[in-house]
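Sequential numbering of the sequence shown, starting at 33, is according to this note's numbering. Since the structure comes first, as structure tokens, the remarks are kept for the end.
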Amino acid sequence: MNKETKGMLIGFIGILIFSLTLPVSKIAILSFDPYFIAFGRACLAGLAALIYLIYKKAPFPSKTELIKFVVIALGVVFGFPIFTTVAMKEGSSSHGAVILGMMPLATTVIGVIRFKERPSLGFWIVSLLGAALVVIYALLKSSGSFTYIDVLLVLGGICACVGYVEGGELSRKMDPRAVISWALVISLPINVMMALVSVKSDYWSADILAWTSFLYLGLFSMFLGFFFWYEGLAVGGIARVSQVQLIQPFCTLVAASILLGDHITFMNMVFACLVVSTVILSKKMLIKRR
Numbered sequence: 033m034n035k036e037t038k039g040m041l042i043g044f045i046g047i048l049i050f051s052l053t054l055p056v057s058k059i060a061i062l063s064f065d066p067y068f069i070a071f072g073r074a075c076l077a078g079l080a081a082l083i084y085l086i087y088k089k090a091p092f093p094s095k096t097e098l099i100k101f102v103v104i105a106l107g108v109v110f111g112f113p114i115f116t117t118v119a120m121k122e123g124s125s126s127h128g129a130v131i132l133g134m135m136p137l138a139t140t141v142i143g144v145i146r147f148k149e150r151p152s153l154g155f156w157i158v159s160l161l162g163a164a165l166v167v168i169y170a171l172l173k174s175s176g177s178f179t180y181i182d183v184l185l186v187l188g189g190i191c192a193c194v195g196y197v198e199g200g201e202l203s204r205k206m207d208p209r210a211v212i213s214w215a216l217v218i219s220l221p222i223n224v225m226m227a228l229v230s231v232k233s234d235y236w237s238a239d240i241l242a243w244t245s246f247l248y249l250g251l252f253s254m255f256l257g258f259f260f261w262y263e264g265l266a267v268g269g270i271a272r273v274s275q276v277q278l279i280q281p282f283c284t285l286v287a288a289s290i291l292l293g294d295h296i297t298f299m300n301m302v303f304a305c306l307v308v309s310t311v312i313l314s315k316k317m318l319i320k321r322r
């Protein structure tokens, strides 16, 4: 098995974990304020990350690495959770899934600009095709118009892509698990303060489903999922492995069907097959790296 294939398989595990984020957020939002969810889950993930770093006796990062950790934190610890959780207060997880399907192309573009990856023309064509399929699907599902919820989701997606690219590249030089852990730990003081500000006394009486959802968002979506995702990006390359994200919207649709009772339509299945086909095609395209 070559490095690109291995990276895509490892990254796919991370994508499966991430694919539950929107449906689980939709469940949690029924009991908790979106800002408490965003900051509270980051606190939980940050504490787990701190324990991990202490256990591994990880060396303290350099000044250059600290700056990169700040960028990662702004993207995946603050930006993505806040924008998407607020969007889930009124939007549906199914709708959010297809909008976020544009993330692979955004990740590739940011990777090209930031780290001089050079996808071939064929790769760009296939990536644009995959993104176009997702946009068409979103428009068909929302009667041909975009809403402010779409704007929040797009902003969240861009934030995540910035964090993915920076974290994926840094993971080629150091332990991928330490990368997400340091990003969570350095942002922990802010998250603790904001979580305390947004918490309400009646949250403690929330049911087991609400707290289970909250625990999943903190320990899996914000922590363990990145163990696989950053390692996949580091092993297989940002441009290549980012295409695995094209499968995420349809994994989310299946999760929404199971967890929320959303129905999977014939159109869902058709677009799922088309998007997966673009992932297969992208793997055959040349990627040049400096």
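Even glycine gets a Cβ: it sits at the ideal position worked out from N, Cα and C.
Asked: In chain order, each beta strand (DSSP E) run of at least 3 residues that lies wholly inside the stretch 76-123; Found: none
Asked: Contact the stretch 276-290 vs the stretch 38-54: 3+ CB pairs below 8 Å; Found: yes
Asked: Start and end residues, alpha helix (DSSP H) containing residue 280; Found: 280-292
Asked: Exposure label - residue 94; buried when at least 16 CB within 10 Å; Found: exposed
Asked: Among 303, 139, 270, the one whose alpha carbon lies nearest that of residue 39; Found: 270
Asked: Residue 204 in three-state terms, based on DSSP; Found: coil
Asked: Nearest-angstrom Cα separation, counted from residue 146 out to residue 179; Found: 30 Å
Asked: 6 Å CB neighbourhood of residue 195 in its chain, flanking five on each side removed; Found: 104, 107, 108
Asked: When 244, 297, 309 are compared against residue 275, the one with the closest alpha-carbon; Found: 309
Asked: Distance, residue 244 Cα to residue 120 Cα; Found: 17 Å
Asked: Proximity of residue 188 and residue 112 at Cβ, strictly below 7 Å; Found: yes
Asked: Nearest residue (CA-CA) to residue 288, options 208, 229, 74, 130; Found: 130
Asked: Limits of the alpha helix (DSSP H) - the one that residue 268 falls within; Found: 257-268
Asked: Rounded separation between residue 262 and residue 206 - CA only; Found: 11 Å
Asked: The stretch 150-165 in contact with the stretch 59-76 per 3-pair CB rule at 8 Å; Found: no
Asked: Identity of the residue in 110, 231, 258, 312 nearest residue 218 by Cα; Found: 110
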